[in-house]
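Engineer:
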Amino acid sequence: MPVMPPVPFAPARPSSRRLRAPLGTALGATVLAVAAATAAAPAAHADTVTASTAPPLRYVSYNLCGNACPDSAGYDNAKRIDTVAAQASAGTWGADEFFLQEVCRPQYDALMNRLSPLGFHGLYAATLSGRSDVCGGADYGVAVLVKGAVTDSKVLDLTVGGESEPVKVPCVRTYTQNRANWACSVHLYWNGATLNQQEAAELAAQAKAWHDAGTPVVLGGDFNTTSRTASSSLFYDGASHDGGTGIFTEADQTDTDHYDTTVCAPTAPACRSGEPTFGTRKIDYVYLSTGDFRGAKEDALPQDAVVSDHDMVRGAAYWADCGPVSGGAVYRRDSSGVLYRYAGRPGGVGGACKAGYGWNDMRLVARDGRDLTAVDTSGALWRYPADPADGSFSGSTRVAEGGGWGATDQLLAPGDFDGDGRADLIGRDTSGDLWLHPGNGSGGYGTPVRIGTGWQVYGRMLAPGDFTGDGRPDLIGRDAAGDLWLYAGDGHGGYAARTRIGNGWQTYTALAAPGDLDGDGRPDLVGRDASGGLWFYAGDGKGGYAARTQIGYSYPDGELMF
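Going by numbering that gives the first Met the number 0, the first residue of the sequence shown is number 0, and it counts up by one from there.
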């Protein structure tokens, strides 16, 4: 396909300007009526990205029309705040980062009051202040809000000279799902191609500098230009986009429902086009630095005519290294019920990958091969198949395996414990009895068989796999004195007499059997101490292990780990 030259800059229609006249006239009422009719019958969105199906990194970009869309013109400021704040809910979207433009300072303050208790921090950049015709005299500008601590911040002043108001971009360096990244909320100039392009060049250069220094970058906002202009070419990376000279992938670039077929073949892997976000044009974007993310998706929601004259844009992606896991891994559930996976690698574990949310209802969890098996607070057993795309676990694909597990206080997934070629479960009840639940080969379990008594002496039990190297899965228990005991499985649903393989393990507030974490073919052990340190014990394949090595910090005490 020939490379198409960028089309001329298309300035935003007047109602997309940063500072706009309120729609209080008869013309304004007509505009609102048309918008309301459009909202009542939205176009089909075949590419809708839902909270249950989207990749785990979640972004929202929204031009709030904060100044020119007052309540007096038929807008609803309270709904505006509710609409944005709702996107932080896991059931709605579970946003990690918000990029907001045309925001009055009182609106930003109201959002921070709602989102701060959820762990959000923000940065506001005022572009106008003290004007009675703008936000009632309050500050007016741009904001970025992120879920996680802010380790650095910078307000980029991109004003070239000649703009009717300053062009500022608030940026924060934060840890999104435990990975560092720069996040910037963007609103480039709306009334001149040359100024817009000059601002874009400065922003693209700063983003590249951050990226070249090793930090991923996310840009979200109203760029006030369509996707095939010279300004946009400064952001799209040249490796996969015709005419691009930047470092970014745009979250909507693979949306075949909205390909510009005059320049892209319907089967092209990417296209500089995308779903309209303002009338019939796409001018709002979520850009992700190429190489740091994968599987990006985006959806523009139907316009809510009482909130803004722009569509809300919701983007999502995976961290590039958060793919399916075939080897060992450590899992932790944080205080908000989010599940994270740390894949094993030589010398430790990789970065955190979000693997699910809503796990506070799960009382017990066991890793069952690549899948997870869990008992909820009602005593029901659930099997969670791993998503083949990223190894995550979703309530939309989980399988109910029956009830009656309320008396179980330890859950183990040892693999094929009875030697019939099918994976089994082991549960300990509150009386200390150990029960084998033989797998039926179809994901379910047969009649349980009691295989032991007196196991209440162990505060923590593990199913490490074949820890002794004899080809049969084994069990491990830690007693109140901190001694570690190995029970070698006999391959027929039983086990040999216990052998003490360690002491001093009471120092750990959590233990995990992560499988083969270091890739040497032998199962390992992991412990978390009270200060949040993560310690690795390399299994020797003979029922023992090497001296411990610290492989992590800041794993909060009290969280579930397995």
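Ideal Cβ placement from N, Cα and C applies to all residues, glycine included.
What did DSSP end up calling E101 once you bin it into helix, strand or coil?
Structural biologist: If DSSP states are grouped into helix, strand and coil, E101 belongs with the strands.
Engineer: Check for me: the alpha helix (DSSP H) holding Q205 runs from which residue to which?
Structural biologist: Where Q205 is concerned, the enclosing alpha helix (DSSP H) stretches over A192 to D211.
Engineer: Note the first and the last residue of the continuous beta strand (DSSP E) segment covering D283.
Structural biologist: From DSSP, the beta strand (DSSP E) with D283 extends over D283 to S288.
Engineer: Taking a contact to mean a Cβ-Cβ separation below 8 Å, would you say D236 touches D283 in this structure?
Structural biologist: In this structure, D283 does not lie closer than 8 Å to D236 by Cβ.
Engineer: Please give the ranges of any alpha helix (DSSP H) in the segment 73-133, keeping only runs that are unbroken, at least 4 residues long and fully inside the region.
Structural biologist: Runs of the alpha helix (DSSP H) inside the segment 73-133: 76-85 and 104-114.
Engineer: Looking at the secondary structure, which residues open and close the beta strand (DSSP E) in which A319 lies?
Structural biologist: First-last for A319: undefined, no H or E at that position.
Engineer: Going by DSSP, what residue range makes up the beta strand (DSSP E) through S231?
Structural biologist: No beta strand (DSSP E) holds S231; the alpha helix (DSSP H) holding it covers A229 to S232.
Engineer: State yes or no: is the C-beta of L474 within less than 8 Å of the C-beta of Y494?
Structural biologist: In this structure, Y494 lies closer than 8 Å to L474 by Cβ.
Engineer: Determine the direct distance from the alpha carbon of C321 to that of K153, and round the result to whole angstroms.
Structural biologist: Roughly 29 Å separates the two Cα atoms.
Engineer: Any idea if L22 is buried or exposed, counting beta-carbon neighbours within 10 angstroms, 16 or more meaning buried?
Structural biologist: Because the pLDDT of L22 is 29, which lies under 50, any placement of that residue in the model is unreliable, and the number read from its coordinates should be weighed accordingly. The residue in question, L22, is buried, as its Cβ has 16 or more Cβ neighbours within 10 Å.
Engineer: Can you tell me which of the three DSSP states D473 falls into?
Structural biologist: In this structure, D473 counts as strand in the three-state DSSP scheme.
Engineer: Taking DSSP as the reference, what is the three-state secondary structure of N180?
Structural biologist: N180 falls in the strand class under three-state DSSP.
Engineer: Helix, strand or coil for A43 per DSSP?
Structural biologist: In this prediction, A43 has a pLDDT of 36, which is less than 50 and means its spatial position is unreliable; nothing more can be read from the coordinates.
Engineer: Would you grab the beta carbon distance between T175 and V143 for me? Rounded to a whole angstrom, and I think it's under 8 Å.
Structural biologist: Incorrect: roughly 12 Å between the Cβ atoms, too far for contact.
Engineer: Whole-angstrom Cβ separation of A399 and F392, contact assumed at under 8 Å?
Structural biologist: Actually they are not in contact, since the Cβ atoms of A399 and F392 sit about 14 Å apart, beyond 8 Å.
Engineer: Could you check where the beta strand (DSSP E) with V448 kicks off and where it finishes?
Structural biologist: From DSSP, the beta strand (DSSP E) with V448 extends over V448 to G451.
Engineer: One question on the structure: do G350 and R178 come within less than 8 Å of each other, judged by their Cβ atoms?
Structural biologist: In this structure, R178 lies closer than 8 Å to G350 by Cβ.
Engineer: Is T508 near the ligand NAD, judged by its Cβ being under 7 Å from some heavy atom?
Structural biologist: Ligands in the displayed structure: none, and consequently the ligand NAD is not present.
Engineer: What do you reckon, are the CB atoms on K353 and G468 nearer than 8 Å?
Structural biologist: Cβ distance not < 8 Å, so K353 and G468 don't count as in contact.
Engineer: Determine, using beta-carbon pairs with one atom in the segment 454-470 and one in the segment 514-525, whether at least three such pairs fall under 8 Å.
Structural biologist: The segment 454-470, when compared against the segment 514-525, does touch it at the 8 Å Cβ threshold.
Engineer: Would you call the segment 194-203 in contact with the segment 222-232, where contact means no fewer than 3 C-beta pairs closer than 8 Å?
Structural biologist: Segments in contact, yes.
Engineer: Tell me the rounded alpha-carbon separation between A537 and G514.
Structural biologist: Between A537 and G514, the C-alpha separation is close to 10 Å.
Engineer: Using the Cβ count rule (16 or more neighbours within 10 Å means buried), how would you classify T549?
Structural biologist: According to the sequence displayed, residue 549 carries Gln and not Thr. Its Cβ having fewer than 16 others within 10 Å, Q549 is exposed.
Engineer: Checking the sheet assignment: what are the DSSP bridge partners for M460?
Structural biologist: In the DSSP output, where bridge partners are listed per residue, M460 has G476.
Engineer: When we look at the beta-carbon of P387 and count the other beta-carbons within 10 Å, is it buried (16 or more) or exposed?
Structural biologist: The residue is exposed, with fewer than 16 neighbouring Cβ atoms inside 10 Å.
Engineer: Taking the C-alpha atoms as reference points, what is the distance between G394 and M361?
Structural biologist: Straight-line Cα distance between these residues: approximately 12 Å.
Engineer: Would you identify the three-state DSSP class for Q549, choosing helix, strand or coil?
Structural biologist: Three-state DSSP puts Q549 in a strand.
Engineer: Pick out whichever of G481, D367, E249 and D428 has its Cα sitting closest to the Cα of R313.
Structural biologist: The shortest C-alpha separation from R313 is found at E249.
Engineer: So who's on the other strand from A511, going by DSSP bridges?
Structural biologist: Partner(s): V525.
Engineer: With contact counted as at least three CB pairs below 8 Å, one residue from each stretch, are the segment 327-334 and the segment 284-296 in contact?
Structural biologist: Taking 8 Å as the limit for Cβ pairs, the verdict is that the segment 284-296 does not touch the segment 327-334.
Engineer: Could you spell out where the beta strand (DSSP E) holding I425 opens and where it closes?
Structural biologist: I425 -> beta strand (DSSP E) spans D423 to D428.
Engineer: Closest by CA to P570, which one among L516, D417 and Q409?
Structural biologist: This structure cannot speak to residue 570, because the chain is shown only from 0 to 561.
Engineer: Please confirm whether L485 and T498 have their CB atoms less than 8 Å apart.
Structural biologist: Yes, the Cβ-Cβ distance between L485 and T498 is below 8 Å.
Engineer: Quick one: Cα of P413 to Cα of A529, how far?
Structural biologist: Rounded to the nearest angstrom, the two C-alpha atoms are 27 Å apart.
Engineer: Would you mind stating whether R382 and Q409 have Cβ atoms separated by less than 8 Å?
Structural biologist: Not in contact: R382 and Q409 (Cβ atoms no closer than 8 Å).
Engineer: Could you say which of G73, P116 and S184 lies nearest to A125 if we only look at CA atoms?
Structural biologist: Of the candidates G73, P116 and S184, the one whose C-alpha sits nearest the C-alpha of A125 is S184.
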